[in-house]
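Protein sequence lines, in the order shown, are assigned to chains D and P.
Under this note's numbering, the first sequence has 57 at position 57, and the numbering climbs by one with no breaks.
Throughout, this note's numbering is defined as the position within the second sequence, counted from one, plus 86.
Notes follow once the structure below has been shown.
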Amino acid sequence: MELKKKILNEEGLHARPAGVLAKVASGFQSKIEVLFNGRTINAKSSMSLMTLGLVKDSEFSVRADGPDAEQALLKIAETIDNKFQL
Amino acid sequence: MKVFSGLPVSIGYAIGPALVLKKDSLVLSDKKNINADEELQLFISAAEKSRRDLENIKKKSLSDGRRESAEIIDAHLMLLDDPEVDEQTRQNILQGTSAEQAYFSVIETFRQMFLGLKEDYMKQRALDLHDIRQRVIFYMQNPKQQYPDLNLQEPVVVVALDLTPSQILSMDRKYLLGFATVEGGNTSHVAILARSLEIPSLAAVSLEVLNIKNGEEILLNAEKGQLLIETKTDERKNFLQEQANYNLKIQSFAKLRGQETKTADGFEITLAANISGPQDLNSFIKNDAEAVGLYRTEFLFLDRTQAPTEEEQYAIYREVFQGLKGRRVLVRTLDIGGDKVADYLQMKSEENPFLGVRALRLCFQRPEIFKTQLRALLRAGSDANWGLMFPMVSQLEELLQAKAILEEVKTELKSEGVSFSHKYEIGIMVEIPSVAWMIDVFAPHVDFVSLGTNDLLQYTCAADRLNPELKSIYNPFNLGFLRQVHHVIKTCRENKIHVGICGSLSHHPLLMPFFVGCGVEELSMTSQHVLPTREAIRKLSFERCQRLVKKALSSTSIAQIQEICKDL
Numbered sequence: 001m002e003l004k005k006k007i008l009n010e011e012g013l014h015a016r017p018a019g020v021l022a023k024v025a026s027g028f029q030s031k032i033e034v035l036f037n038g039r040t041i042n043a044k045s046s047m048s049l050m051t052l053g054l055v056k057d058s059e060f061s062v063r064a065d066g067p068d069a070e071q072a073l074l075k076i077a078e079t080i081d082n083k084f085q086l
Numbered sequence: 087m088k089v090f091s092g093l094p095v096s097i098g099y100a101i102g103p104a105l106v107l108k109k110d111s112l113v114l115s116d117k118k119n120i121n122a123d124e125e126l127q128l129f130i131s132a133a134e135k136s137r138r139d140l141e142n143i144k145k146k147s148l149s150d151g152r153r154e155s156a157e158i159i160d161a162h163l164m165l166l167d168d169p170e171v172d173e174q175t176r177q178n179i180l181q182g183t184s185a186e187q188a189y190f191s192v193i194e195t196f197r198q199m200f201l202g203l204k205e206d207y208m209k210q211r212a213l214d215l216h217d218i219r220q221r222v223i224f225y226m227q228n229p230k231q232q233y234p235d236l237n238l239q240e241p242v243v244v245v246a247l248d249l250t251p252s253q254i255l256s257m258d259r260k261y262l263l264g265f266a267t268v269e270g271g272n273t274s275h276v277a278i279l280a281r282s283l284e285i286p287s288l289a290a291v292s293l294e295v296l297n298i299k300n301g302e303e304i305l306l307n308a309e310k311g312q313l314l315i316e317t318k319t320d321e322r323k324n325f326l327q328e329q330a331n332y333n334l335k336i337q338s339f340a341k342l343r344g345q346e347t348k349t350a351d352g353f354e355i356t357l358a359a360n361i362s363g364p365q366d367l368n369s370f371i372k373n374d375a376e377a378v379g380l381y382r383t384e385f386l387f388l389d390r391t392q393a394p395t396e397e398e399q400y401a402i403y404r405e406v407f408q409g410l411k412g413r414r415v416l417v418r419t420l421d422i423g424g425d426k427v428a429d430y431l432q433m434k435s436e437e438n439p440f441l442g443v444r445a446l447r448l449c450f451q452r453p454e455i456f457k458t459q460l461r462a463l464l465r466a467g468s469d470a471n472w473g474l475m476f477p478m479v480s481q482l483e484e485l486l487q488a489k490a491i492l493e494e495v496k497t498e499l500k501s502e503g504v505s506f507s508h509k510y511e512i513g514i515m516v517e518i519p520s521v522a523w524m525i526d527v528f529a530p531h532v533d534f535v536s537l538g539t540n541d542l543l544q545y546t547c548a549a550d551r552l553n554p555e556l557k558s559i560y561n562p563f564n565l566g567f568l569r570q571v572h573h574v575i576k577t578c579r580e581n582k583i584h585v586g587i588c589g590s591l592s593h594h595p596l597l598m599p600f601f602v603g604c605g606v607e608e609l610s611m612t613s614q615h616v617l618p619t620r621e622a623i624r625k626l627s628f629e630r631c632q633r634l635v636k637k638a639l640s641s642t643s644i645a646q647i648q649e650i651c652k653d654l
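Structure follows, in structure tokens:
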């Protein structure tokens with residue numbers, strides 16, 4: 001399953017938001033990946049997330065594969081829309 | 087006595103035995119006959135020990151009420167626990183690499199990726215990776231030892247090539263009397279940390295300090311910028327006296343916090359701070375400044391490879407506005423040129439840069455840079471108490487042009503549906519004589535003006551303020567200069583335009599009373615001068631200052647004016 005999202009918070013994917021996103025992703029069994037600019041990285045790794053250099057308004061895709069893929073994508077979409085406020 | 091001089095990055099005094107940290111250079115061991123299971127175990131336990139260290143540091147930071155420090159460590163913990171780093175390191179080890187080699191190269195790949203990103207914020211994260219890697223690899227190489235930054239057992243003055251933020255945070259504040267590093271400067275993270283933790287420290291000390299023996303007594307004077315060893319009895323006594331004087335001074339200033347800034351006979355003045363970004367907010371609060379009279383935004387544009395983006399600027403301005411909690415801040419738009427250059431702007435070299443394309447003049451040539459800054463400020467200022475200040479204005483047309491560009495930017499923001507600030511003040515720096523003498527013409531167009539005395543003086547006397555040979559000509563007691571200052575303040579007061587001084591003369595011991603006597607409403611200076619200046623103002627009589635002005639303005643020589651100011 002795949003989903004297109006856009007970064008809404010001002011600072012982009014800095015350490016804190018990346019940490020929040022990785023933490024949320026880690027709560028699911030499924031393999032979760034972020035696709036941006038021709039790269040595919042592990043969404044459970046905040047370091048990898050940061051290396052994407054996502055800034056405000058960057059559009060990217062999230063892909064989930066596994067038993068809880070649907071719940072994972074829902075939760076991740078919510079996290080992004082909430083600007084990574086837990 | 088041996089004296090090492092250095093750059094004081096955090097003012098104060100310290101005396102105690104040296105702890106010399108030799109360069110923690112990373113030399114990877116060259117292992118033969120690698121046993122993958124053993125290496126894997128080495129990696130797991132090194133990561134665990136590092137985690138335990140960091141958790142301890144974090145706990146300590148939190149119990150000391152240093153949330154900011156705890157957050158730095160949190161970011162480190164996150165990097166340490168990263169599943170991708172873990173996975174890749176394990177894979178490398180299973181393919182026959184040593185744990186050290188594997189971990190080093192995985193972190194290096196990430197480090198290089200961070201360094202390759204555009205944003206400075208991300209580049210800084212590469213430092214965090216370096217910091218973590220030092221610790222983890224240390225534990226791989228020395229499984230039975232403790233990473234050397236921890237567990238200070240007694241008060242020491244630390245001497246090192248360089249220190250990392252986590253090393254400083256891990257040291258027990260009550261044992262870390264002060265430190266001196268060979269590397270580093272005023273704006274490094276370590277310097278910022280040292281100031282916020284109030285640890286006396288020097289940077290840029292000569293490499294020879296590393297030859298000091300552990301336990302040898304160090305006298306650190308981070309007011310003058312000196313590190314002393316092998317002191318004789320009287321030299322030591324001298325130092326202790328200076329330290330005592332300094333402490334006394336600090337204590338007496340502390341009492342002035344929360345006090346009003348007004349003369350003995352009740353003339354009130356706003357004592358403001360000059361800042362260059364969020365890193366100065368701590369000092370602003372600590373020194374009880376009442377407003378920001380000059381926010382120099384150009385520091386955001388220097389020492390980098392390209393101009394900061396709108397978002398980057400927005401985030402920084404927002405942090406400043408929020409940190410000031412509604413206190414007034416006058417933001418000066420980009421003042422680059424003169425002695426401040428940014429390579430990425432590819433500015434043409436000029437015969438006389440101080441008389442050339444600088445500040446607003448440059449902004450008019452590069453409207454995209456100017457507009458980006460205005461957009462970021464307008465957006466960030468939506469609930470702030472702020473004013474927009476244009477530098478290097480020499481005629482009314484320039485101000486009108488700047489205002490027209492501002493209107494364009496607002497129209498653009500409106501059409502994009504972006505919310506922005508509608509309530510802000512507009513003002514100019516008065517630093518060019520032509521403007522000083524026609525300040526009445528500007529009055530209907532501005533809410534405030536701020537006298538930039540450093541430039542005003544150099545343009546008035548035609549003397550380069552950076553040229554030491556012109557010291558006697560670049561002299562603030564010059565009558566022509568003082569008449570201008572008086573004229574500007576008086577005209578602004580008559581026209582009900584808020585008038586302040588943001589140059590370094592604002593806290594000049596002899597001239598400050600002159601400015602007060604002219605009726606200046608705000609004096610703005612580096613935060614650390616705020617409390618001493620408050621003390622001085624509270625002892626003044628406004629009436630006597632007014633008389634001083636009258637007398638000074640009718641004198642003819644520099645020596646005479648100086649005498650009059652001294653006699654107050």
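We treat Cβ as the ideally placed atom computed from N, Cα and C, and that holds for glycine.
Note that the structure is predicted; figures quoted are calculated from it, not measured.
{"query": "So what does DSSP say about K5(D), is it helix, strand or coil?", "result": "strand"}
{"query": "Thinking C-alpha only, which one of K88(P), S362(P), P169(P), E186(P) is nearest E124(P)?", "result": "E186(P)"}
{"query": "Nearest chain A C-beta to A15(D) closer than 8 Å, yes or no?", "result": "This model lacks chain A altogether; the protein chains it does include are D and P."}
{"query": "Please state the DSSP three-state secondary structure of S505(P).", "result": "coil"}
{"query": "Report the neighbours of D48(D) on chain P: residues whose CB is nearer than 7 Å to its CB, in chain order.", "result": "Before going further, note that residue 48(D) is Ser rather than Asp in the sequence given. Those within 7 Å of S48(D) in chain P are E170."}
{"query": "Taking only runs of the beta strand (DSSP E) that begin and end inside the segment 404-435 of chain P, which ones reach a length of at least 3 residues, in chain order?", "result": "415-418"}
{"query": "What are the complete beta strand (DSSP E) segments, minimum 3 residues, inside the segment 48-86 of chain D?", "result": "59-65"}
{"query": "What did DSSP end up calling G603(P) once you bin it into helix, strand or coil?", "result": "helix"}
{"query": "Tell me whether the segment 381-393 of chain P and the segment 434-444 of chain P touch, counting them as touching only if at least three CB pairs, one residue from each stretch, are closer than 8 Å.", "result": "no"}
{"query": "Starting from L306(P) and walking both ways along the beta strand (DSSP E), at which residues does that stretch end?", "result": "303-307"}
{"query": "Around the Cβ of E70(D), are there at least 16 other Cβ atoms within 10 angstroms (buried) or fewer (exposed)?", "result": "exposed"}
{"query": "Can you look up V45(D) in the DSSP assignment and give me helix, strand or coil?", "result": "A small fix is needed here, since residue 45(D) is Ser in this sequence, not Val. Of the three classes helix, strand and coil, the one that applies to S45(D) here is coil, per DSSP."}
{"query": "Mapping DSSP to helix, strand and coil, what is K299(P)?", "result": "coil"}
{"query": "Does Y430(P) pass the burial test, meaning 16 or more other C-beta atoms within 10 Å, or should it be called exposed?", "result": "exposed"}
{"query": "F387(P) versus chain D: which residues are under 8 Å apart at the beta carbon?", "result": "The contacting residues do not exist; F387(P) stays about 18 Å from chain D at best."}
{"query": "Compute the beta-carbon to beta-carbon distance between I32(D) and V62(D), rounded to the nearest angstrom, for a pair I have assumed lies under 8 Å.", "result": "7 Å"}
{"query": "Among P94(P), G412(P), N564(P), which residue has its Cα nearest to the Cα of Y48(P)?", "result": "Nothing about residue 48(P) can be reported from this structure: the residues present for chain P run from 87 to 654 only."}
{"query": "Compare the Cα-Cα distances from I512(P) to each of E205(P), F265(P), A188(P), D533(P) and report the closest residue.", "result": "D533(P)"}
{"query": "Please list the residues of the segment 372-399 of chain P that have a C-beta atom closer than 8 Å to any C-beta atom in chain D, keeping them in chain order.", "result": "T395, E397"}
{"query": "Output, in chain order, the set of chain D residues within a Cβ distance shorter than 7 Å of A401(P).", "result": "E10, E11"}
{"query": "Along chain D, in chain order, which residues have C-beta atoms closer than 7 Å to that of A161(P)?", "result": "A15"}
{"query": "Answer with buried or exposed for H572(P), where buried requires no fewer than 16 other C-beta atoms within 10 angstroms of its C-beta.", "result": "buried"}
{"query": "Distance, Cα to Cα, S505(P) vs R465(P)?", "result": "7 Å"}
{"query": "Using three-state DSSP, classify H594(P) as helix, strand or coil.", "result": "coil"}
{"query": "Mind listing which residues of the segment 32-57 of chain D have their C-beta closer than 7 Å to chain P's C-betas, in chain order?", "result": "N42, K44, S45, S46, M47, S48, M50, T51, G53, V55, K56"}
{"query": "With distances taken between CB atoms, is the gap from I422(P) to F387(P) smaller than 8 Å?", "result": "yes"}
{"query": "Quick one: give me the first and last residue of the beta strand (DSSP E) that N360(P) is part of.", "result": "356-361"}
{"query": "Could you say which of S256(P), K299(P), I518(P) lies nearest to I158(P) if we only look at CA atoms?", "result": "S256(P)"}
{"query": "DSSP on Q329(P), reduced to helix/strand/coil?", "result": "helix"}
{"query": "Let me check one thing: in DSSP terms, what residues is V378(P) bridge-paired to?", "result": "A359(P), V415(P)"}
{"query": "Any beta carbon from chain P within less than 8 Å of G19(D)'s own beta carbon?", "result": "yes"}
{"query": "With 16 other CB atoms within 10 Å as the buried threshold, where does N228(P) fall?", "result": "exposed"}
{"query": "Closest to L213(P) by C-alpha separation, out of V276(P), Q181(P), K145(P), S184(P), would be which residue?", "result": "V276(P)"}
{"query": "Since L105(P) sits in a beta bridge, which residues does DSSP pair it with?", "result": "V244(P)"}
{"query": "Helix or strand or just coil, what does DSSP make of K318(P)?", "result": "coil"}
{"query": "Among F190(P), R211(P), V192(P), which residue has its Cα nearest to the Cα of F200(P)?", "result": "R211(P)"}
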